[in-house]
Amino acid sequence: MRRVLKNRLLWPIGALVALIIVNAISRPSFLSITVRDGELYGSFIDILRNSAPLMLVALGMTLVIATRGIDLSVGAQMAISGAVALTIIKGSPTPNSLSTIAVAVLAGVALTLLFGLWNGFLVSVLGIQPIIATLVLMLAGRGIALLITGGFITTINSTPYAFMSQGYALGFPFAFFVSLGAIVIVSLVVRRTALGVLTESVGINPTASRLAGVRARSITWSLYGLSGLLAGFAGILYSSNIMAADANNAGINIELDAILAVVLGGTSLMGGKFTIAGTVVGVFIIQTLTSTITFLGVPPAVTPVFKAAVVIIVCLSQSRRVRQWARQLWQRLRPRPGGSAPTPTGSTPASAASTQGAVA
Amino acid sequence: MGDEVNAVEMRDISISFPGVLALDGVDFTLRSGEIHSLLGENGAGKSTLIKALTGVYPVDAGTISVAGQRRSFSGTADAQDAGIATVYQEINLCANLSVGENVMLGNEVRGPFGIDWRATRARASEFLRELGLDIDPRSPLSSHSLAVQQLVAISRAVAIDCRVLVLDEPTSSLDRGEVVQLFSVMRRLRDRGVAILFVTHFLDQIDEISDRLTVLRNGKLVGEFQVGELDRAQLISRMLGRELAELDVIGRSSERTIDRSGAPVIRALALGKHGQIEPVDLDVYDGEVVGLAGLLGSGRTELARLLYGADHADRGSIQVRGVPTRLSSPRHSVEHRIAFSSEDRRGEGIIGDLTVAENMVLGVQAKRGWLRRVSRAQRDEIVTGYLKQLGIRPADPNALIRNLSGGNQQKVLLARWLATAPQLLILDEPTRGIDVGAKAEIQRLIADLAEQGLGVVFISAELDEVLRVSQRIVVMRDRRKIAELQNNESVDVDDVVALIAKESAA
Amino acid sequence: MSATTPAATTPISSLRKLIQRRVSWLPVGAAVLILILMFAAGQSYFGRFLTPRLLSSLLVDNAYLIVLAAGMTFVILTGGIDLSVGAVMAFTGMLAAKLLSTGVPTGVVIPVMIASGAVFGLIIGVLVNYFDVQPFIASLAGMFLARGLCFVVSLEAVQVKDTTVLGLQSVKLGTFEWYITPTGIIALLVVVVAAWVLGYTRFGRTVYAIGGNEQSARLMGLPVARTKVLVYVISGVCAGVAGLLFTAYTAAGYSLNGIGTELDTIASVVIGGTLLAGGSGYVIGSLIGVLVYGVIKVSITFLGADSSWTRITIGILLLVFVVVQRVLVARGSRR
């Protein structure tokens, strides 16, 4: 199994390394890290900090995708949590007190947790297709955020709030620690408990899992809640960064970036087996890509073209046909005596094996 | 009958997949106007041979000739053009379309403005009527029974004017009446000169319908015989390559006496579900195997699912050891130590992409919930134990379960349930689609488990199996329980069949 | 058990037969019902709601969406999805605006627009069918590509002054009360052609077959691969045509056009009765779905509410529709 895991991570890590090398060559300053007042600065550090919202969202997305689902509403949920938190802080007489901040954050996150559970209810209890179920909140959520802020972009002036995304701790950006914390907690929960393997079971064969006594419904339900929770935190970070609640732009397109990160990391959209490590690498790939493009002077609006190229390359590399071509090319370059039996076209080892399994 | 060109001639066919030599130099001849059966254990290569003939797999070596002409198929369309039509076990039609559309799909009658639906439907009706089907071509395919859908699939074959018809396990899900109808259709086609290749594992059906048969074993041709040339035992030994004494070793389990003085493990009182089964009473005691016998559609699976809580009963009640219990979900049943093995191994049993070990431990893990993970040590203990006890091959805990043969998959699933230490084990068709050797092993296992005190509900379409392992037999028909009898020396298959038949006459 | 149905001709059995034959039309019927209800509600609440002007504007203002929905129907019928349509629409519009502004004749620009839409569709179709990329991801890549290329063509909006193109929208045929523009005519034409293709050509039947059971369709010898690629090409072509209509409507090419339009399109198709899983649905239904969308948009304007409410309402309506569909399907499949 370790071999499989290593194989899976090979491509994403390779892609990330290639990106870093390209960057390092074109701008040597990319790798430099400067220290100022005990705080680290540099392109690398920027990536660590700026990737935090995406990291949180992508972690939740990984688990939801593993259950054969998807959560398109995470961007809208980011807008909602930001709107709630900032509205509370703005309306409070003590915007700088830690307790106000704590209440604001908790309220924002609690609301998105509820919305996540709502999504989970639609999917696991009513059996609605995840795309549609979360599409609804994606469409309606920003409107809800606008309602909360009364139609305006609420701005605040609160130093402790700004600290979350702009501050430093132990030399590193605080946001990075949030990111790290989420990764560690999710990984521990998923692998130390049986949640990981039960989620995979539900994603691979929900019916069989249910018949085996797995609480498929509860697991799916909670994972959507978790996705909402993480999106809530991401929204807090985002609003902390711009010190505003921008219902229309908070988290725009982040669901697509998150899905991309998950897919780049090697988790299949079909659900089942998933990899947190892969998603982490995927997030860094996307963030580095954004940084690369910005540096190259390409207008940020054009970034999508590069994302498209990355997606296509990764998907092609994961596609069976390309793998077959690569294998045949490799065989042709290194002729072996006797040759080896070609795999039948139109079917692959995987499908042949499963057909054999069906026959037997 | 014809001494002219054979409908199909396959010479020296070899096909291999990574790690597996599926067919090794197999010869096969099919004549026009005959029904030819293809026999072999699972993994013998039947399915592969058919897929080669129908263009799904390309051959690595050897030749295929159709009506004397050398052919090389690069896809299913090629095979169809050559006049070869196939009806697979899973009806390969489109349930979202109507009957007529399915029959004529791809060959609709076209007019100046596109498809002429009236003419298309008329032609579809023609083809359906040729097979004795008088159904509305506009009716949705899904509104018909599986048997009718199969006949629609055959009508499609007739519609494309096939010269060769391949039927892959067509009778697995049919009841006796439907089989008779299918056979009459097959004979009609045969008499028109169609060459029919009939794959089945029901040996009596082969005697009934075929003219010749071919036996494969381990990817090689064993021989081609006339029907009647070999008796049953010889045939089976050709298929297995060994004598079949094993099945008799189990002996007649009916000899054991069951202590029915205490509360039964499970008691169903007037258990039923509207539209599925009429109220049924059922008791299962410790150490007893209760066999559910009946034809397809008699409600055995439905009853099993109600007992397990996979479906919700809307009538009646259940008592577990005398205590009234509501089993509203598999979760509850697991907590009450009831286990259920579905008849649909692929769809409702195995978690394909997980390993053998993970599949085996799933029942225990599900019971403990997600917080308390089964430790590595515990898992290894369970896994190595069952790998050995059940003789699972390959004995590799990290193999993906979907790469195992059906028999071994079934054993892993059994292990999953046994690991949860159940008091009642409900098995729905545990030996379906499994080779004779593994069948024997599983039957013996069930007998052993019962002897050790486990209560078992055993469902199987093969009545001799039911008779071999059960102490009591419950007979069902048309969603009702019609009889219950003690199993002993004097009871045999014909008695049970007669019971079923008697009810239908009334 | 019996292969023959008894020749009963009681009224009830005839009715049942009729319903059974047309069962896939039920969701479309539901959509029509909703449309009628909304008209009635609007009329009773606002007073002068159901006017010929309003009904005409429903078609004309949403012509681009009708075309997009028609194309999307093909894709969704095969069980796929195309997230790129909004971006491709924007791209083709931007391309056209740019070409027109540099003097390229209209007769060349329009085919180029449509061809570029087809190219995007081809790329997505090939990715989905030959490289096993999931439709969601492949069309997402297409969306990113189109959106980015849009900005490459021009960062700012480009005015369109070409009279032919503008005429498509401004020429009003008919009376002052009931009117239609060439864009509306084009939209209706697309719907008619699409409906004909789906219902009366072998290609169209293959589309339905793939959505019903792709494996079976393949085994039946149908040209599955080619069809799967073609449906995305069709969607791309429709996006190109929609680009033309939208550019005529806004008199400009603008890279931020069509953001979120793919969701509006999908919502319209689903509300119109096409099942997301594929295999069942009609283009007429998608037309009704767009009209429903249009009525909601108009009602929001009438109410004087913020336009973001349109999206919310569509979202809620979509949800209700899907839940009802789900309940009906669950009841139907309980055998």
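Line by line, the protein sequences give chains P, D and B. In this text, residue positions in the first sequence follow the working numbering: the first is 1, and each later residue adds one. In this text, residue positions in the second sequence follow the working numbering: the first is 361, and each later residue adds one. In this text, residue positions in the third sequence follow the working numbering: the first is 867, and each later residue adds one. For glycine and all other residues, C-beta sits at the position ideal for the given N, C-alpha and C.
According to DSSP, TYR41(P) shares a beta bridge with THR34(P). Residue pairing by DSSP leaves VAL184(P) without any beta bridge partner. For chain D, none of the residues of the stretch 298 to 313 of chain P brings a beta carbon within less than 7 Å of one of its beta carbons.
For ASP476(D), the CB contacts under 6 Å within the same chain, skipping 5 residues up- and downstream, are VAL469 in chain order. Listed in chain order, the positions of the stretch 252 to 282 of chain P with a beta carbon within less than 7 Å of a beta carbon of chain B are LEU256, VAL263 and LEU269. Look at the stretch 889 to 915 of chain B: the residues with a C-beta under 8 Å from a C-beta of chain D are VAL889 and SER890.
Within the DSSP bridge table, the entry for VAL835(D) names ALA653(D) and ALA843(D) as partners.
Excluding its 5 nearest sequence neighbours in each direction, LEU1034(B) has C-beta neighbours in its own chain below 8 Å: THR1047, PRO1048, THR1049, ILE1052, LEU1110, LEU1111 and ALA1114, listed in chain order.
What LEU316(P) touches in chain B, judged by beta-carbon distance under 7 Å, is PHE997, going in chain order.
Excluding sequence positions up to five before and after LEU859(D), its CB lies within less than 6 Å of the CB of VAL835 and ALA843, all in the same chain and listed in chain order. Secondary structure of PHE487(D) (DSSP, three-state): helix. Listed in chain order, the alpha helix (DSSP H) runs fully inside the stretch 143 to 222 of chain P are 159 to 166, 174 to 192, 195 to 204 and 206 to 211, counting runs of at least 4 residues. In the DSSP secondary-structure assignment, GLU584(D) is bridged to THR574(D).
Under the Cβ distance rule, ASP948(B) does not count among the residues neighbouring chain P, no pair being separated by less than 9 Å.
Taking a C-beta distance under 9 Å as the contact criterion, THR446(D) and ALA555(D) do not qualify as a contact pair. Under the 10 Å beta carbon count, VAL184(P) is surrounded by fewer than 16 other beta carbons and is classified as exposed.
Contact check for GLY647(D) against ALA810(D) passes: the beta carbons are separated by less than 9 Å. Beta-bridge analysis with DSSP links ALA628(D) to LEU642(D) and ILE678(D).
LEU48(P) and ARG332(P) have their C-alpha atoms some 43 Å from each other. The straight-line gap separating the alpha-carbon atoms of THR1179(B) and ILE1166(B) is approximately 9 Å. Closer than 9 Å to the CB of LEU465(D) there is at least one CB belonging to chain B.
With a beta-carbon spacing of about 7 Å, LEU488(D) and PRO497(D) fall inside the 8 Å limit used to define contacts.
Proximity of chain B to ILE80(P) at the Cβ level (cut-off 8 Å) is not reached, the minimal Cβ distance being about 13 Å. Using a CB distance cut-off of 9 Å, ALA194(P) counts as an interface residue toward chain D. Here the alpha carbon of ILE900(B) sits roughly 11 Å from the alpha carbon of TYR1159(B). Pairwise C-beta distances place the stretch 295 to 312 of chain P out of contact with the stretch 101 to 115 of chain P, as fewer than three of them are shorter than 8 Å.
Residue PHE121(P) holds the alpha-carbon nearest to the alpha-carbon of SER222(P) among GLN77(P), PHE121(P), GLY272(P) and ALA85(P). For a cut-off of 8 Å, the C-beta gap from GLY983(B) to GLY1102(B) is around 4 Å, short enough to register as a contact. Fewer than three Cβ pairs drawn from the stretch 280 to 299 of chain P and the stretch 87 to 102 of chain P lie within less than 8 Å of each other, which leaves the two stretches out of contact. When C-alpha distances from THR944(B) are compared across SER1152(B), ALA1075(B) and TRP1175(B), the shortest belongs to ALA1075(B).
The alpha-carbon of ALA162(P) is positioned some 49 Å away from that of ILE1100(B). In the displayed model, SER923(B) falls within a helix according to three-state DSSP. By the Cβ test, the stretch 124 to 143 of chain P is in contact with the stretch 1128 to 1146 of chain B, since at least three Cβ pairs between them sit closer than 8 Å. In this structure the stretch 184 to 195 of chain P does not lie against the stretch 680 to 700 of chain D, because fewer than three pairs of beta carbons, one per stretch, are closer than 8 Å.
Contact of ARG1084(B) with chain D is assigned, a C-beta pair being separated by under 9 Å. Under the three-state reduction of DSSP output, LEU1021(B) falls in the coil class, being neither helix nor strand.
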